[in-house]
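Numbering (this note's numbering), first residue to last: 16 to 306.
Even glycine gets a Cβ: it sits at the ideal position worked out from N, Cα and C.
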């Protein structure tokens, strides 16, 4: 400042709460100078939010296998191509009119996922406004599903994480499970069941639901009175929850109803406990009551 004082300011480059306040742009054949300083790479479609490139779509003819578009996306991320673009990119997609797959940066080709929309009525409503004079394709449906403005920003903020240094984006099953859990918490509060098979990402699903719970203004800690005494719960390595803390517990059960793990929210300080047992099959969203 002029008077010599120092002040800091928080700048929100993206308004996640009000998507309509952002500027969304799409470019075709976006030219990016390669790292050799001579040649250019041109991703087919780049999506920008407020001037920040956040998604890349590689499109192929219907006769071309989708793996070619995936390989091109992966190649462009390599050090000798245009890695500088992918410092910002959050979602990458490979598409032809009959098939699409999506991922985030650094995802090996075998882990690229398909999307299966569950909110079909809303999807059809958007398609009727945007696809006119021709038949709707799989490519149309998945672009609408992943890149509709509100959902695009939601996926970026809540459903992309780093695990052991690897960037990961949710599968559609995880996304819709989290949405269903949130509705259950807000309107029912009696719990419910989300089925997980081994290796399907139950722990990551818990991270996603935690992120949503922490920032959802409609959801408050449902326990009005703090616990009256210290509580000992299994699988905490002997640690106790201190007296006076309010808790919410999400229980995980195996198929024989043995208690294997949980997530505990202590005044929104989160601890994760999960034994990763081989016979863990059912994720139970328990009643929002103190144990």
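If we ignore side chains and look at the alpha-carbon of each, how far apart do residue i and residue j end up?
{"i": "residue 106", "j": "residue 189", "result": "16 Å"}
{"i": "residue 181", "j": "residue 222", "result": "15 Å"}
{"i": "residue 73", "j": "residue 47", "result": "14 Å"}
{"i": "residue 98", "j": "residue 49", "result": "8 Å"}
{"i": "residue 24", "j": "residue 93", "result": "35 Å"}
{"i": "residue 177", "j": "residue 18", "result": "42 Å"}
{"i": "residue 165", "j": "residue 159", "result": "11 Å"}
{"i": "residue 216", "j": "residue 56", "result": "35 Å"}
{"i": "residue 264", "j": "residue 232", "result": "Bear in mind that a pLDDT of 42 at residue 264, under 50, signals an unreliable position, so the model cannot answer this."}
{"i": "residue 27", "j": "residue 65", "result": "11 Å"}
{"i": "residue 196", "j": "residue 220", "result": "11 Å"}
{"i": "residue 133", "j": "residue 20", "result": "54 Å"}
{"i": "residue 224", "j": "residue 120", "result": "22 Å"}
{"i": "residue 200", "j": "residue 207", "result": "9 Å"}
{"i": "residue 123", "j": "residue 183", "result": "11 Å"}
{"i": "residue 214", "j": "residue 171", "result": "23 Å"}
{"i": "residue 210", "j": "residue 135", "result": "22 Å"}
{"i": "residue 147", "j": "residue 212", "result": "40 Å"}
{"i": "residue 191", "j": "residue 53", "result": "45 Å"}
{"i": "residue 142", "j": "residue 152", "result": "10 Å"}
{"i": "residue 3", "j": "residue 193", "result": "The shown model of the chain, from 16 to 306, leaves out residue 3, and the question about it has no answer."}
{"i": "residue 83", "j": "residue 36", "result": "36 Å"}
{"i": "residue 145", "j": "residue 137", "result": "13 Å"}
{"i": "residue 167", "j": "residue 42", "result": "17 Å"}
{"i": "residue 229", "j": "residue 44", "result": "39 Å"}
Among the options, which has the Cα closest to the Cα of residue i?
{"i": "residue 128", "options": "176, 173 and 185", "result": "185"}
{"i": "residue 75", "options": "60, 28 and 64", "result": "60"}
{"i": "residue 162", "options": "194, 227, 34 and 213", "result": "34"}
{"i": "residue 169", "options": "227, 195 and 82", "result": "227"}
{"i": "residue 85", "options": "198, 174 and 125", "result": "125"}
Can you give the beta carbon distance from residue i to residue j, rounded, assuming they're within the 8 Å contact cut?
{"i": "residue 95", "j": "residue 51", "result": "7 Å"}
{"i": "residue 29", "j": "residue 68", "result": "Contact flag wrong, Cβ pair sits at about 12 Å."}
{"i": "residue 154", "j": "residue 111", "result": "7 Å"}
With distances taken between CB atoms, is the gap from residue i to residue j smaller than 9 Å?
{"i": "residue 101", "j": "residue 79", "result": "no"}
{"i": "residue 62", "j": "residue 31", "result": "no"}
{"i": "residue 89", "j": "residue 116", "result": "no"}
{"i": "residue 131", "j": "residue 77", "result": "no"}
{"i": "residue 87", "j": "residue 109", "result": "yes"}
Do we get a CB-CB distance below 9 Å when we pair residue i with the residues of chain B?
{"i": "residue 36", "result": "Note that chain B does not occur in the displayed structure, where there is just one protein chain."}
Are there any heavy atoms of the ligand FAD lying less than 8 Å away from the beta-carbon of residue i, as far as the coordinates show?
{"i": "residue 193", "result": "Of the ligands one can find in the structure shown there are none, so the ligand FAD has no counterpart to examine."}
Pick out the complete alpha helix (DSSP H) segments inside the segment 202-235, 4 residues or longer, and give them in chain order.
217-230
Which runs of the beta strand (DSSP E) at least 3 residues long sit entirely within the segment 138-178? Give them in chain order.
You should have 175-178.
Those runs of the beta strand (DSSP E) which lie wholly inside the segment 25-57 and span at least 3 residues
With a minimum length of 3 residues, the continuous beta strand (DSSP E) runs that stay inside the segment 25-57 are 39-43.
My parser needs the alpha helix (DSSP H) runs of 4 or more residues fully inside the segment 54-132; what are they?
81-91
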